[in-house]
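**Student:** Remember, the numbering used here sits 1081 above the position in the sequence shown when you count from 1.
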Amino acid sequence: MNRENKQQQVSELHDKLTRANAVFLADFRGMSVEQATTLRNELRAASVEYKVVKNTLLELASKGTDKESLSPHYAGPTAVAFSYDDPVAAAKVLSKFAKSQPNTFKLKAGVLTGKAIGVADIQALADLPSREVLLAKLLGTINAPVANFVGVLAAVPGSFVRALDAVRAKKAGN
1082 MNRENKQQQV
1092 SELHDKLTRA
1102 NAVFLADFRG
1112 MSVEQATTLR
1122 NELRAASVEY
1132 KVVKNTLLEL
1142 ASKGTDKESL
1152 SPHYAGPTAV
1162 AFSYDDPVAA
1172 AKVLSKFAKS
1182 QPNTFKLKAG
1192 VLTGKAIGVA
1202 DIQALADLPS
1212 REVLLAKLLG
1222 TINAPVANFV
1232 GVLAAVPGSF
1242 VRALDAVRAK
1252 KAGN
């Protein structure tokens, strides 16, 4: 690979690192082509870009970005997953794959919105409910006070009607 190609790769990587909401690093030693293809397909379905890169090019590309904190993890074979939209979806796919292939695929670290995270944090991110579930819970929480208020408002006329009925029954009894 000549110098011009390397500079172009560094420039592309820098752009991807800058645009990504989350970046995850993994060690893929011993993975078969079939396993790598499966992982790529699962990540592509989650709108995540997966790339195997040279550590030196990655280190050069990460300079001046909020992903620079990953540099201590640039050792050994390194694969990078770039998530531009939903970091939880990326973490779910990577974590699930790491559990199913513990001898060949190991997560190293990641960066989520500029903050470095470890493997345990990536696992915690993967354990979060999906975006849709979180939105449904939020809407339920927002809707609960309104529903309670409507219930209270409906109870006032109901109590009044029951009181009138009790007065009517008492007068009818006399």
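The beta-carbon is built from N, C-alpha and C at its ideal position, and this holds for glycine as well. Computed from a predicted model, the values in this text were never measured in an experiment.
So, are the CB atoms of Ala1207 and Ser1176 less than 9 Å apart?
**Tutor:** Yes, the Cβ-Cβ distance between Ala1207 and Ser1176 is below 9 Å.
**Student:** Identify the continuous alpha helix (DSSP H) that holds Phe1241 and give its terminal residues.
**Tutor:** Here the alpha helix (DSSP H) through Phe1241 covers Arg1212 to Gly1254.
**Student:** Cutting at 7 Å between CB atoms, please list the residues of its own chain near Lys1173, excluding the five before and the five after it.
**Tutor:** The answer, listed in chain order, is Ala1207.
**Student:** Of the choices Arg1100, Pro1158, Leu1138 and Ser1128, whose alpha-carbon is the least far from that of Met1112?
**Tutor:** If we check each option's Cα against that of Met1112, Pro1158 comes out closest.
**Student:** Can you list the alpha helix (DSSP H) stretches of 4 or more residues lying completely in the segment 1120-1159, in chain order?
**Tutor:** DSSP runs (the alpha helix (DSSP H)) wholly in the segment 1120-1159: 1136-1143.
**Student:** By the three-class DSSP mapping on this structure, what secondary structure does Leu1094 have?
**Tutor:** In the structure shown, Leu1094 sits in a helix (DSSP, three-state: H, G or I).
**Student:** Under three-state DSSP, which class holds Asp1202?
**Tutor:** Asp1202 falls in the helix class under three-state DSSP.
**Student:** What are the boundary residues of the beta strand (DSSP E) that includes Phe1186?
**Tutor:** Note, Phe1186: premise wrong, no beta strand (DSSP E); not H, not E.
**Student:** Skipping 5 residues on each side, what residues in its chain have a beta carbon closer than 7 Å to that of Gly1239?
**Tutor:** There are no such residues.
**Student:** Please classify Ser1176: does DSSP put it in a helix, a strand, or coil?
**Tutor:** Three-state DSSP puts Ser1176 in a helix.
**Student:** Check whether the Cβ atoms of Ala1160 and Phe1109 lie closer than 9 Å to each other.
**Tutor:** Against a cut-off of 9 Å, the Cβ pair of Phe1109 and Ala1160 comes out as a contact.
**Student:** By alpha-carbon positions, which one of Phe1186, Thr1146 and Asn1224 ends up nearest to Ala1101?
**Tutor:** The option with the nearest alpha carbon to Ala1101 is Thr1146.
**Student:** Kindly confirm or deny that the segment 1163-1171 and the segment 1124-1140 touch, where touching means at least three C-beta pairs closer than 8 Å.
**Tutor:** With the cut-off at 8 Å, the segment 1163-1171 and the segment 1124-1140 touch.
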